[in-house]
Amino acid sequence: MTVQRLSIAPEYVSFYAAGRRDVRIPTHMDRRGVLSSKDCILIPALYYYEGDTHVTFGPASEITEAGKPDFDGILNTPNKELILFDANEPQYAIATVAAERTRIRIWMDHPDEPEHVTIAWG
Numbered sequence: 004m005t006v007q008r009l010s011i012a013p014e015y016v017s018f019y020a021a022g023r024r025d026v027r028i029p030t031h032m033d034r035r036g037v038l039s040s041k042d043c044i045l046i047p048a049l050y051y052y053e054g055d056t057h058v059t060f061g062p063a064s065e066i067t068e069a070g071k072p073d074f075d076g077i078l079n080t081p082n083k084e085l086i087l088f089d090a091n092e093p094q095y096a097i098a099t100v101a102a103e104r105t106r107i108r109i110w111m112d113h114p115d116e117p118e119h120v121t122i123a124w125g
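For the record, in the sequence shown the residue sitting at position 65 is 68 according to our numbering, with numbers rising by one throughout.
Spelled out as structure tokens, the structure:
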């Protein structure tokens with residue numbers, strides 16, 4: 004699997020990583036940054052009118068990031084796939100993963116409005 008590089012501009016200031024399409028999006032009125040449940044991860048993005056958010060998306064074996072990730076957790080991937088999407092875009096990217104539970108690590112250059120986001124699985 005190769006690393007994918009995307010430039011996205013989600014209208015609602017976030018996008019999601021999930022193992023299937025019909026998931027409940029984790030939200031919290033008082034918290035910002037990465038929010039997660041066992042089925043979905045909410046990832047912040049730049050306001051669409053401020054420019055694109057640049058996303059690097061790939062297997063951990065092919066991602067090199069310095070420092071501790073901003074998020075490190077396990078996501079249910081029952082169909083052995085990992086999908087990036089938002090409220091309006093049904094699929095920015097998709098990847099096949101090895102198991103029904105997948106470790107996900109995320110690095111961001113800003114905690115609430117990142118311009119650069121790296122997502123590694125496995």
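Heads up, the beta-carbon is just placed ideally off N, CA and C, and yes, glycines get one too.
Please read these numbers as outputs of a predicted model, since none were measured by experiment.
Go to residue i, then tell me how far its beta strand (DSSP E) extends in each direction, as first and last residue.
i, result
"Met111", "Arg104 to Met111"
"Arg8", "Gln7 to Ile11"
"Ile86", "Glu84 to Phe88"
"Ile122", "His119 to Trp124"
"Asn91", "Careful: Asn91 lies outside any beta strand (DSSP E) and carries neither H nor E."
Taking buried to mean at least 16 other C-beta atoms within 10 Å of its own C-beta, is residue i buried or exposed?
i, result
"Tyr19", "buried"
Leaving out five residues before and five after residue i in sequence, what residues of the same chain have Cβ atoms less than 6 angstroms from its Cβ?
i, result
"Asn82", "Arg23"
"Val26", "Asp42 and Cys43"
"Met111", "Asp73, Pro117 and Val120"
When you compare the CB of residue i with every CB in chain C, is at least one pair closer than 7 angstroms?
i, result
"Phe88", "Here chain C cannot be found, since the structure has a single protein chain."
For residue i, does the three-state DSSP call read helix, strand or coil?
i, result
"Ser64", "helix"
Take residue i and list the residues in its own chain whose beta-carbon comes closer than 8 angstroms to its own, dropping the five residues that flank it on each side.
i, result
"Ala21", "Asp42, Cys43, Ile44, Leu78, Leu85, Ile86 and Phe88"
Per DSSP, which residues does residue i bridge with? Please list them.
i, result
"Ser17", "Pro47"
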